[in-house]
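These notes concern the structure reproduced below.
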Amino acid sequence: MSRLVETGRSALRSALERVGRGWGRVQERRPLSHDLLESDDAYLVVFDAPGVRGEDVDVTFLDRTVEVNLERFRDFYDGYDLVFPGRGVSLSGSVDLPRDADVTPEGANATLTRNGTLHVEIPKRGGSSDVDVVEEDD
-4 MSRLVETGRS ALRSALERVG RGWGRVQERR PLSHDLLESD DAYLVVFDAP GVRGEDVDVT
56 FLDRTVEVNL ERFRDFYDGY DLVFPGRGVS LSGSVDLPRD ADVTPEGANA TLTRNGTLHV
116 EIPKRGGSSD VDVVEEDD
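Numbering (my numbering), first residue to last: -4 to 133.
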């Protein structure tokens, strides 16, 4: 009976692994979720980027399109075996800015937050040109 139970567990583990790997591939094919925001001076794209480090993020800006590629890694835990590898490791997404967006990649920046989001800010060319004036004391 013990051999039958072990065979059943092995078959279940194998099935879970195949399902998990399939689910991970589905995640990798789906574009990253994002929000597109606009202010007077810039556009801000906020991507979901859970479980990545800054060195594993690639952001490209070309022709009003922001492209993001993320590589994340699975941590290993002592004493545990991976049964269901359900998280995709290579994720990507892109956002097209509005057709009338007059933006420049100079001054653009990307910030990876602790809560797992990536903020990509692209300044507008015609953004505010106001300069603060400071008076010196006599």
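Ideal Cβ positions, reconstructed from N, Cα and C, are used throughout, including at glycine.
Measure the alpha-carbon distance for T60 versus L92 and round it to whole angstroms. 6 Å
Should V115 go down as buried or exposed, given a rule of 16 or more other Cβ atoms within 10 Å for buried? buried
Check whether V52 and L107 have beta carbons under 8 Å apart: For V52 and L107, yes; Cβs fall inside 8 Å.
Is the beta carbon of V78 within less than 7 Å of some heavy atom of the ligand ATP? No copy of the ligand ATP appears in this structure; indeed no ligand is present at all.
Cα-Cα, which of R25, K119, V84 is closest to V98? K119
By the three-class DSSP mapping on this structure, what secondary structure does E1 have? helix
In three-state terms, what does DSSP make of G49? helix
Tell me the rounded alpha-carbon separation between L57 and L(-1). Rounded to the nearest whole angstrom, the CA to CA distance from L57 to L(-1) is 58 Å.
Return the CA-CA distance between V21 and V84, expressed in angstroms with no decimal places. For V21, the pLDDT reaches just 49, beneath the cut-off of 50, and the residue's location in the model is therefore unreliable, leaving the point undetermined.
How many angstroms separate the CA atom of G74 from the CA atom of D30? 39 Å
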